[in-house]
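Counting the sequence shown from 1 gives a position; the numbering used here is that position plus 17. C-beta atoms are modelled at their ideal positions from N, C-alpha and C, and glycine is treated no differently.
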Amino acid sequence: MDRPEPYLPPNWMQAHVGNRMALLFGRRFVSLLTVRGRRTGKPHQVPVAVLDLDGDRYLLAPRGSTHWVRNLRAAGAGELRRGGSAHSFRAVEVPVEERAPLIAAYRRRFDRFPSVAATFEQLPDPADHPTFRLQESEPAET
Numbered sequence: 018m019d020r021p022e023p024y025l026p027p028n029w030m031q032a033h034v035g036n037r038m039a040l041l042f043g044r045r046f047v048s049l050l051t052v053r054g055r056r057t058g059k060p061h062q063v064p065v066a067v068l069d070l071d072g073d074r075y076l077l078a079p080r081g082s083t084h085w086v087r088n089l090r091a092a093g094a095g096e097l098r099r100g101g102s103a104h105s106f107r108a109v110e111v112p113v114e115e116r117a118p119l120i121a122a123y124r125r126r127f128d129r130f131p132s133v134a135a136t137f138e139q140l141p142d143p144a145d146h147p148t149f150r151l152q153e154s155e156p157a158e159t
């Protein structure tokens, strides 16, 4: 039997202040992910840290199976915006057995942020961190 996918919901401060602060002050590290909702089909936006590694781009979910993860799995595609540029992509989920080096690279880059380091301490198993390889695509029709 498959185990349920863990999810660490953000506390009030992270949800209501942290995301806004990340967008304001973390422009060097943070992109705005837009993905269609799995139930409503409406676009949802959330700040994310994109890992650039060896010519590939990845989205990794430190908090586990978040809403954006479930929406991205259902939609299979999304858009990343940083500064004045936007890039549409298709998302390919990385198998669990390939995640460890990606998680290590993500942590080297982003563990300086306390909430990132703390979530990996609470969820140490690579299976707990959905990871997606991003493949550029044509912009989706709206």
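From the DSSP output, in three-state form, read off E110 for me. The answer is strand: DSSP assigns E110 an E or B state.
Comparing C-alpha positions only, which one of W85, H146, T57 sits nearest to P64? Proximity to P64 across W85, H146, T57 peaks at W85, based on C-alpha coordinates.
Let me know if E153 comes out buried or exposed under the rule of 16 or more other beta-carbons within 10 Å of its beta-carbon. Burial state of E153 is exposed, judged by a 10 Å Cβ sphere holding fewer than 16 other Cβ atoms.
Once DSSP output is grouped into helix, strand and coil, what is the label at T148? The answer is strand: DSSP assigns T148 an E or B state.
Distance, E22 Cα to L70 Cα: When rounded, the distance between both Cα atoms is 26 Å.
Over the uninterrupted beta strand (DSSP E) stretch that includes T51, give me the two end residues. T51 -> beta strand (DSSP E) spans 47-53.
Could you compute how far the alpha carbon of S174 sits from the alpha carbon of G81? Since the first residue shown for the chain is 18 and the last is 159, residue 174 is missing from the structure and cannot be characterised.
What three-state label does DSSP hand P60 in the structure shown? The answer is strand: DSSP assigns P60 an E or B state.
Decide yes or no for the touch test of the stretch 117-126 against the stretch 87-104: beta carbon pairs closer than 8 Å, at least 3 of them. The stretch 117-126 makes no contact with the stretch 87-104; the number of CB pairs closer than 8 Å stays below 3.
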